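**Student:**
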Amino acid sequence: TKMAQAARLSLRMQKELKLLLTDPPPGASFPLLSPDTDLSSIDAQIEGPEGTVYAKGIFKIKIQIPERYPFQPPIVTLATPIYHPNIDNGGRICLDILNLPPKGAWQPSLNISTVLTSIGLLLSEPNPDDGLMCEASREYKYNRQAFDQKARSTTEKYARAGASGNDGCSQSVQTHSNSSNLMEPKGPDLLQCEVNDCFVSHKKLCGISRKLTLGSSASNQEKDSDRGANKVPIHHPL
Numbered sequence: 001t002k003m004a005q006a007a008r009l010s011l012r013m014q015k016e017l018k019l020l021l022t023d024p025p026p027g028a029s030f031p032l033l034s035p036d037t038d039l040s041s042i043d044a045q046i047e048g049p050e051g052t053v054y055a056k057g058i059f060k061i062k063i064q065i066p067e068r069y070p071f072q073p074p075i076v077t078l079a080t081p082i083y084h085p086n087i088d089n090g091g092r093i094c095l096d097i098l099n100l101p102p103k104g105a106w107q108p109s110l111n112i113s114t115v116l117t118s119i120g121l122l123l124s125e126p127n128p129d130d131g132l133m134c135e136a137s138r139e140y141k142y143n144r145q146a147f148d149q150k151a152r153s154t155t156e157k158y159a160r161a162g163a164s165g166n167d168g169c170s171q172s173v174q175t176h177s178n179s180s181n182l183m184e185p186k187g188p189d190l191l192q193c194e195v196n197d198c199f200v201s202h203k204k205l206c207g208i209s210r211k212l213t214l215g216s217s218a219s220n221q222e223k224d225s226d227r228g229a230n231k232v233p234i235h236h237p238l
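If you read the sequence shown in full-length UniProt numbering, its first letter stands for residue 1, the second for the next number, and so on.
1) To which residues of the same chain is Ser40 closer than 6 Å at the C-beta, ignoring the five residues directly before and after it?
2) Using three-state DSSP, classify Val53 as helix, strand or coil.
3) How about Thr155 and Tyr83: do their beta carbons lie closer than 9 Å?
4) Under 8 Å, with one C-beta from each stretch per pair, do the region 92 to 110 and the region 137 to 151 reach the 3-pair mark?
5) Quick check on DSSP: helix, strand or coil for Lys62?
6) Within 10 angstroms of the Cβ of Gln5, are there 16 or more other Cβ atoms? Answer buried if so, exposed if not.
7) How close, in whole Å, do the beta carbons of Thr77 and Tyr158 come, if the pair is a contact with beta carbons under 8 Å?
8) Spell out a yes or no on whether the region 30 to 37 and the region 123 to 136 are touching, meaning 3 or more CB-CB pairs, one atom from each, closer than 8 Å.
9) First and last residue of the beta strand (DSSP E) that includes Thr77?
10) Go ahead and pull the three-state DSSP assignment for Glu135.
11) Could you check the C-alpha separation between Arg160 and Met3 for me, to the nearest Å?
12) Run through DSSP, which three-state label would Arg152 get?
13) Please report how far the alpha carbon of residue 247 lies from the alpha carbon of Ala7, in whole angstroms.
14) Nearest by alpha-carbon distance to Thr52: which of Phe199, Lys203, Gln145 is it?
15) Just the Cα atoms here: how many angstroms apart are Arg152 and Ile58?
16) Do we get a CB-CB distance below 9 Å when we pair Gln14 with the residues of chain B?
17) Report, in whole angstroms, the separation of the C-beta atoms of Ile97 and Thr117, which I expect to be a contact under 8 Å.
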């Protein structure tokens, strides 16, 4: 029944709320979150990872919880403009665990903490091969200097404390490049790739995270990557 479903959702979200407050994902914070928060919508912030073009930026994330959660994934958008191969101008994030199978990889055992951790990893390691934004993906692969400059300037303009764009995504991110002649402009939809099957693998991100943190020899990294392919090391049991 609907009442039973609502009760299960409430119990689940209370557990998730406790987890977010006591053991937040790396770089994540929840300025408006409290035990009395309306759990149908959560506002989060994630810090740009150190050593990346997003460093010192604060990126606001809107999380909407559907009635059928956790059997349906949360609806997650980035509210702060960003220049990133896997995040579009409307804040849509190209991540497989934000979509149901068969194209996506969401499962009820995952949670909000897992999603936010994956987004942080995506900021550290963009995936231009599963790009949502053609121009940013192409620059990331073939003209990294131009990509880095745009990503840094966009972060400085919109994601720093007091920046004009950190209230939402009302301003479009300028993504045209005069320095790259790899593709001629064909119209306003130029930068929007075909995205029906464009999802960055959460498990692949986890494997990258293991490699970054282990700091072992190349052979050990390969073994860890193979072992990590079927694991979700950032999963919090509920």
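No residue lacks a Cβ here, since even glycine has one placed at the ideal position from N, Cα and C. These numbers come from a predicted model, not from an experiment.
**Tutor:** The relevant details are as follows:
1) One-based indexing of the sequence shown puts residue 40 at position 40. Ile65.
2) By one-based count along the sequence shown, residue 53 stands at place 53. Secondary structure at Val53: coil, using DSSP grouped into helix, strand and coil.
3) Numbered from 1 along the sequence shown, position 155 holds the residue referred to as residue 155. Numbered from 1 along the sequence shown, position 83 holds the residue referred to as residue 83. Result yes, Cβ atoms of Thr155 and Tyr83 sit closer than 9 Å.
4) No, the region 92 to 110 is not in contact with the region 137 to 151.
5) Locating residue 62 in the sequence shown gives position 62, where the first residue counts as 1. Three-state DSSP puts Lys62 in a strand.
6) Locating residue 5 in the sequence shown gives position 5, counting from the first residue. With fewer than 16 other Cβ atoms from the protein chains shown falling within 10 Å of its own Cβ, Gln5 counts as exposed.
7) The residue you call residue 77 lines up with position 77 of the sequence shown. The residue you call residue 158 lines up with position 158 of the sequence shown. Contact flag wrong, Cβ pair sits at about 15 Å.
8) No contact exists between the region 30 to 37 and the region 123 to 136.
9) By one-based count along the sequence shown, residue 77 stands at place 77. Note, Thr77: beta strand (DSSP E), 75 to 78.
10) Working through the sequence shown from its first residue, we reach residue 135 at position 135. Looking at Glu135 - three-state DSSP - the assignment turns out to be helix.
11) Against the sequence shown, residue 160 aligns to sequence position 160. Against the sequence shown, residue 3 aligns to sequence position 3. Distance between Arg160 and Met3, taken at the CA atoms: about 43 Å.
12) As a working mapping, residue 152 is identified with position 152 in the sequence shown. DSSP, reduced to helix, strand and coil, places Arg152 within a helical segment of the structure shown.
13) Absent from the model: residue 247. The displayed extent of the chain is 1 to 238, so no value can be given.
14) As a first step, residue 52 is located in the sequence shown; it is residue number 52 there, counting from the start. Of Phe199, Lys203, Gln145, the residue nearest in Cα terms is Gln145.
15) Indexing the sequence shown from 1 puts residue 152 at position 152. Indexing the sequence shown from 1 puts residue 58 at position 58. Answer to the nearest angstrom: the Cα atoms are 13 Å apart.
16) Any reference to chain B falls outside this structure, which holds one protein chain only.
17) For the purposes of this step, residue 97 is taken as residue 97 along the sequence shown, with counting starting at 1. For the purposes of this step, residue 117 is taken as residue 117 along the sequence shown, with counting starting at 1. Rounded to the nearest angstrom, the Cβ distance from Ile97 to Thr117 is 10 Å, too far for a contact under 8 Å.
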